[in-house]
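Beneath this line is the structure, given in C-alpha cells, with notes to follow.
Numbering (our numbering), first residue to last: 7 to 229.
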C-alpha cells in the first residue's frame, strides 16, 4: 500500500493544535481528580475529535467554512485515476466523512455509488451490482459495512480516507477487490494527515502487523 501524506493548511493546523492542547489540559484535570472511568471516556472522545479534525473541519464544527486539505487531495487523486480509466473504492470509518466526500463528488459531477450499514440488503446488492456493471467511477463505502460479503472486482484502486486502529479491518475491506475474477493489479492508497494523530495510528498499525508476522513466522496457518 502507498501512504499519501496530507499537509494541513495553516488554518486547519491552528484548529488542530488548539483542540489538542485543550484535550491534554482536560485530561490532566481528570487525572488529578482520579476518576478512571471518566478519564477513559474523555480520552476516547478527545481522540475521536482529533481524528475527525485531521480529516475535515466540518466533522467537528458543522458551521466551518474551511476547506479540507484531505478532500482536496482526494479530488485530485480521483481526477487522475478517471483520466487513466481506473475506478476506485473509497473507505472511511466515519459516514459523516463520506457525506462530505459525496458533496464534493456531486459538485464535480462525478458519478459514484454509495454503501453504509444503514442500507437494506436489497439496496446493498443493487449498489454492488450497479458498480460491477460499470456504473460509477468510485464507490464510497463505510469501513464497517465493507468488511464482508462484497465482491467488487470492478475497481483496481482502494483509497482509505482515514486510518483505523486495527489494520486487519482495513485489510479486510481492501480485500473486496482481491476476489475471483480480478484481472488487474490492485493499488491501495492511505490518506494520512501529516503531524497528527493519524500518523500515530499508522505507526500502531505497523507494530501490530509486525507482531502478527512474528507470531506466525515458520507456520503455515493463520491465527
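The C-beta atom is built at its ideal place from N, Cα and C for all residues, glycine as well. Here the structure is a predicted model, which is why all the values come from computation and not from measurement.
Practice problem: Could you give the DSSP three-state label for residue 13: helix, strand or coil? | Solution: For the purposes of this step, residue 13 is taken as the residue at position 7 of the chain shown. Looking at residue 13 - three-state DSSP - the assignment turns out to be coil, as it is neither helix nor strand.
- Return the bridge partner residues of residue 193 from the DSSP annotation. Against the chain shown, residue 193 aligns to sequence position 187. According to DSSP, residue 193 bridges with 163.
Exercise for the section: State the beta-bridge partners of residue 126 as determined by DSSP. Expected result: The residue given as residue 126 occupies position 120 in the chain shown. DSSP output for residue 126 lists no bridge partner at all.
**Study point:** Spatial distance of residue 204 from residue 45 (CA atoms)
**Key:** Counting from one through the chain shown, the residue named residue 204 turns up at place 198. Counting from one through the chain shown, the residue named residue 45 turns up at place 39. Approximately 21 Å, taken between the alpha carbons.
Open item on the list: From the DSSP secondary-structure annotation, give me the bridge partner or partners of residue 147.
Closed with: Taking the chain shown and counting its residues from 1, the one referred to as residue 147 is at position 141. Bridge partners of residue 147: 97, 121.
Check your understanding: Around the Cβ of residue 17, are there at least 16 other Cβ atoms within 10 angstroms (buried) or fewer (exposed)?
Key -> For the purposes of this step, residue 17 is identified with residue 11 of the chain shown, where counting begins at 1. Exposed, since its Cβ has fewer than 16 Cβ neighbours within 10 Å.
TODO: Can you give me the Cβ contacts of residue 211 inside the same chain, cut-off strictly under 7 Å, excluding the 5 residues immediately before and after it?
DONE: Within the chain shown, numbered from 1, the residue matching residue 211 stands at position 205. For residue 211, where only same-chain residues beyond five positions count, the Cβ hits under 7 Å are 169, 173.
*In whole angstroms, what separates the C-alpha of residue 145 from that of residue 32?*
Within the chain shown, numbered from 1, the residue matching residue 145 stands at position 139. Within the chain shown, numbered from 1, the residue matching residue 32 stands at position 26. Computed Cα separation, rounded: 39 Å.
- Are residue 161 and residue 134 touching if we call contact CB-CB under 8 Å? Counted from its first residue, the chain shown places residue 161 at position 155. Counted from its first residue, the chain shown places residue 134 at position 128. Result no, Cβ atoms of residue 161 and residue 134 do not sit closer than 8 Å.
(Q) Helix, strand or coil for residue 30? Go by DSSP, reduced to three states. (A) Numbered from 1 along the chain shown, position 24 holds the residue referred to as residue 30. In this structure, residue 30 counts as helix in the three-state DSSP scheme.
Checklist entry - Are the CB atoms of residue 148 and residue 123 nearer to each other than 8 Å? => result Counting from 1 along the chain shown, the entry for residue 148 is found at position 142. Counting from 1 along the chain shown, the entry for residue 123 is found at position 117. Yes, they are a contact pair.
If I follow the unbroken alpha helix (DSSP H) through residue 173, where does it start and stop?
Stepping through the chain shown from its first residue, residue 173 is reached at position 167. Start and end: 173–180.
For this session: With a cut-off of 8 Å on the beta carbons, I'd call residue 120 and residue 130 a contact; round off their distance for me.
Result: Position 114 of the chain shown, counted from the start, is the residue given in the question as residue 120. Position 124 of the chain shown, counted from the start, is the residue given in the question as residue 130. That pair is no contact at about 10 Å.
**6 Å CB neighbourhood of residue 228 in its chain, flanking five on each side removed** = Translated into the one-based positions of the chain shown, residue 228 becomes position 222. Because the pLDDT at residue 228 is just 49, under 50, the model does not fix this residue reliably, and the value given afterwards should be weighed accordingly. Nothing meets the Cβ criterion.
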